[in-house]
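For reference, the structure discussed in these notes is given below.
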Amino acid sequence: MTHILSAVAWPYTNGPRHIGHVAGFGVPSDVFSRHMRMAGHEVLMVSGTDEHGTPILVQAEQEGVPPQELADRYNRVIVEDLTSLGLSYDLFTRTTTGNHYAVVQEMFRTVHANGYMVEQTTMGAISPSTGRTLPDRFIEGTCPICGYDGARGDQCDSCGNQLDPIDLKNPHSRINGETPKFVESNHFFLDLPALVDALAAWLETRDGWRPNVLNFSRNLLADVRPRAMTRDIDWGIPIPLPGWQENPNKRLYVWFDAVIGYLSASIEWARRTGDVEAWRAWWNSADARSYYFMGKDNITFHSQIWPAELLAYDGRGAKGGSAGPYGELQLPTEVVSSEFLNVEGRKFSSSRGLVIYVRDMLARYQTDAFRYYVAAAGPENHDVDFTWESFVRRTNDELVAGWGNLVNRTATMVHKNFGQIPAPGELLEVDRQVLATTSGAFAEVGAQIQTNRQRGAIAAAMHTVADVNRYLSETQPWKLKSDPDRLATVLHTVTQAVSDCNTLLAPFLPHSAQQVHEALGGSGEFAPQPRIEEVTDLDDESRHYPVITGDYSDVPAWESRPLTVGTPVGKPTPVFTKLDESVVEEELDRLRAKA
Ligand SMILES: [Zn+2]
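Under numbering that gives the first Met the number 0, the first residue of the sequence shown is numbered 0, with each subsequent residue one higher.
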């Protein structure tokens with residue numbers, strides 16, 4: 000038994016999330032966490048909404064609402080969507096809690112005390128007409144890296160690079176179009192050059208990472224410079240130092256605070272369980288393991304900025320130092336990054352209407368049909384294209400025809416012939432073989448999930464399903480009416496094999512796994528689901544928000560579990576719904592209408 004932290008990327012609350020987002024961080028982290036629990040590990044799965052930074056301010060301004068109101072709205076939408084997807088978070092919280100503010104400020108204070116947060120003078124923008132500070136978000140210009148002409152002062156939305164306002168070509172104020180004047184402004188920079196040797200030594204010991212992620216991370220070390228961790232902005236966490244704390248126009252950089260969410264959510268989870276130190280088993284122990292799930296646009300922050308913050312907090316860089324009250328914090332075991340999911344040959348774009356929101360997908364199709372698609376055809380190692388044609392084909396040919404029909408035929412035959420799980424007679428070689436196949440699959444499928452090769456894992460599980468289908472074709476139980484002993488043996492065997500397949504598929508397809516469990520006469524919770532709970536902020540009684548949580552302690556073990564002879568089996572209803580081919584045109588019309 001190992002303590003496993005499943006650290007899932009924090010969705011940004013400037014709008015609802017689309018299926019490309021959850022294909023990257025959501026489904027893979029849940030498959031992994033569910034499997035690890037079944038394999039007997041102590042899993043802590045945490046995340047929340049990321050609510051600071053410029054894009055939220057800009058969006059809030061456009062809508063004429065305060066940024067917190069905007070964040071509240073989309074926090075709730077995202078909480079509902081991720082719960083519908085069945086993502087089994089122990090705690091899904093947010094970055095605007097009192098707890099998160101306190102943890103982030105403690106991280107900053109210790110990193111600063113250890114000497115890794117250095118103050119430097121940069122050039123900040125002011126408005127020549129008013130003489131006031133012009134926050135980053137009010138400055139637009141041309142990106143010096145990719146040439147995009149709508150880049151903002153802190154970031155280019157086209158190429159994703161972090162920028163400083165003074166880097167922009169043709170900078171101008173979004174308020175009145177004037178060219179800003181640049182004057183000296185003080186900021187804190189994370190001293191990456193003092194941490195680069197420790198970062199390199201840590202990366203040197205990483206194995207089993209996806210090669211693209213590891214190579215990208217190592218390449219980042221070739222050119223490290225101190226990186227600004229504060230910004231000229233009024234929406235964010237105050238800088239906890241005298242003379243800075245009171246300044247309403249300087250805040251911690253959104254990325255400095257967002258990655259600390261993994262730690263603060265763990266601490267909030269512990270505080271809510273009543274055992275306030277419980278989080279330490281996942282953070283202070285060298286035996287614990289931590290897996291970070293995200294899309295590739297976030298690799299830099301998880302394989303460089305976050306480990307650097309942790310090393311600085313621990314006092315393990317070139318300047319030494321010592322850990323603060325949280326003790327020595329462990330670095331990521333693995334950064335598990337997905338590539339991008341595109342749609343019908345193009346990149347998702349909310350602004351251009353080229354988007355399929357999670358909510359729309361789940362309103363129209365079965366949750367597990369979508370989860371199956373992501374697991375089987377998701378962007379694990381390269382960008383992939385979501386097409387409605389392939390979604391319909393995979394649902395009908397693989398999920399309905401391959402797996403759903405096997406379950407339905409098996410339960411129907413057992414119900415009709417015996418009404419309960421029959422006792423087997425003597426097993427023949429063909430029976431022993433199929434049972435050896437299904438019980439043997441646990442090792443292979445489990446090993447692939449544990450090394451984050453989920454496409455391989457679900458392919459192996461579906462291969463096992465095909466073997467069981469072949470067993471039915473070979474033994475032809477529908478022709479065994481005159482041989483009840485043999486019929487009982489075959490139906491017992493196939494039901495056991497289907498039960499094994501259902502356990503193998505449970506991390507991927509938790510909703511239908513529960514239904515299949517019940518179709519085979521099982522009772523009780525088989526694949527526990529998350530729930531939404533309305534909570535009060537632990538440090539501010541006036542504030543309330545929804546969290547995702549759940550009790551996942553009672554899960555089946557990752558192994559073949561023998562059926563109980565005599566368990567009643569009722570008339571089954573089909574678990575999966577076949578999709579009409581017309582869905583393809585219907586959905587393509589919808590996309591065209593929005594664009
Ligand atoms: Zn750019």
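Using N, Cα and C, we set each Cβ at its ideal position, and we do this for glycine too.
How big is the Cα-Cα spacing for residue i and residue j?
i    : j    : result
L198 : E327 : 16 Å
G176 : G130 : 15 Å
L86  : L508 : 11 Å
G39  : G565 : 29 Å
R16  : R75  : 12 Å
V406 : V574 : 8 Å
R431 : H34  : 26 Å
S28  : T332 : 14 Å
M412 : G520 : 13 Å
Q119 : I238 : 15 Å
T82  : V546 : 10 Å
H301 : G569 : 50 Å
C500 : E533 : 36 Å
A5   : V30  : Contrary to the premise, residue 5 reads as Ser rather than Ala in this sequence. Distance between the alpha carbons of S5 and V30: 11 Å.
A150 : A410 : 59 Å
G418 : L490 : 12 Å
T563 : A458 : 29 Å
R270 : E276 : 8 Å
L56  : F390 : 36 Å
E524 : S289 : 27 Å
E585 : R224 : 51 Å
W477 : N451 : 40 Å
C158 : G344 : 19 Å
R454 : H414 : 34 Å
Q447 : G273 : 36 Å
N214 : L220 : 10 Å
E580 : W208 : 39 Å
L479 : L486 : 6 Å
Q513 : A526 : 6 Å
Looking at C-alpha atoms only, which residue of the options is the closest neighbour of residue i?
i    : options                : result
Y364 : L578, V444, T386, A311 : L578
E267 : R108, D296, M412, V102 : V102
A465 : L194, K480, V433, L486 : V433
M44  : E584, S552, P561, E585 : S552
V21  : A8, Y291, N13          : A8
E41  : S559, R279, P241, L167 : R279
R408 : R485, S216, V515, K318 : V515
A594 : R351, G445, P378, P324 : R351
E540 : A59, P378, N98         : N98
L340 : Y325, E203, F385, S348 : F385
G242 : P561, E203, N185       : N185
L537 : E60, R36, T96          : T96
L471 : G401, I448, E517       : G401
V334 : K318, K295, P164       : K295
A496 : V554, F441, P210, D163 : F441
G152 : G146, A124, S128, C145 : A124
S263 : P66, Q104, D588, S321  : Q104
N160 : Y252, P170, N113, I144 : I144
R36  : P483, Q449, S498       : Q449
K346 : V383, E379, R358, M461 : V383
Can you list, in chain order, the residues of its chain whose CB lies under 7 Å from that of residue i, leaving out five sequence neighbours each side?
i    : result
S172 : S126, L133, F137, I138, P179
M360 : I18, F369
L398 : A368, Y371, F575
R93  : G47, T48, E50, N74, Y544
L194 : Y115, A307, L310, A311, G316
S32  : S5, V42, M44, S87
Cutting at 8 Å between CB atoms, please list the residues of its own chain near residue i, excluding the five before and the five after it.
i    : result
M116 : F107, V110, F187, F188, L189, D190, M228, A311
I77  : P10, T12, P15, R16, T48
A287 : T1, H2, I3, L4, A280, W281, Q329
N297 : A8, S336
R250 : H51, T229, R230, I232, D233, W234, G235, I236, P237, I238
P561 : Q495
Short of 6 Å in beta carbon distance, which residues of its chain neighbour residue i, apart from the five on each side in sequence? Order them along the chain.
i    : result
D233 : P247, N248
W305 : V258
Y100 : I236
L590 : none
D156 : none
G260 : W9, G47, T94
*What alpha helix (DSSP H) runs, 4 residues minimum, are completely inside the stretch 357 to 443?*
Listed in chain order, the complete alpha helix (DSSP H) runs (minimum 4 residues) inside the stretch 357 to 443 are 357 to 363, 366 to 376, 387 to 392, 404 to 416.
*Considering only heavy atoms of ligand 1, list every residue whose Cβ is less than 5 Å from one of them, following chain order.*
Having a Cβ closer than 5 Å to some heavy atom of ligand 1 are C142, I144, C145, Y147, C155, S157, C158.
*asked:* Please give the ranges of any beta strand (DSSP E) in the stretch 473 to 504, keeping only runs that are unbroken, at least 3 residues long and fully inside the region.
replied: none
_If we require 3 or more residues per run, which beta strand (DSSP E) segments fall completely within the stretch 80 to 105?_
90 to 93
_Completely contained beta strand (DSSP E) runs for the stretch 240 to 328, where each covers 3 or more residues_ = 249 to 251, 288 to 294, all fully within the stretch 240 to 328.
*Continuous beta strand (DSSP E) assignments of at least 3 residues falling wholly in the stretch 195 to 241*: 229 to 231
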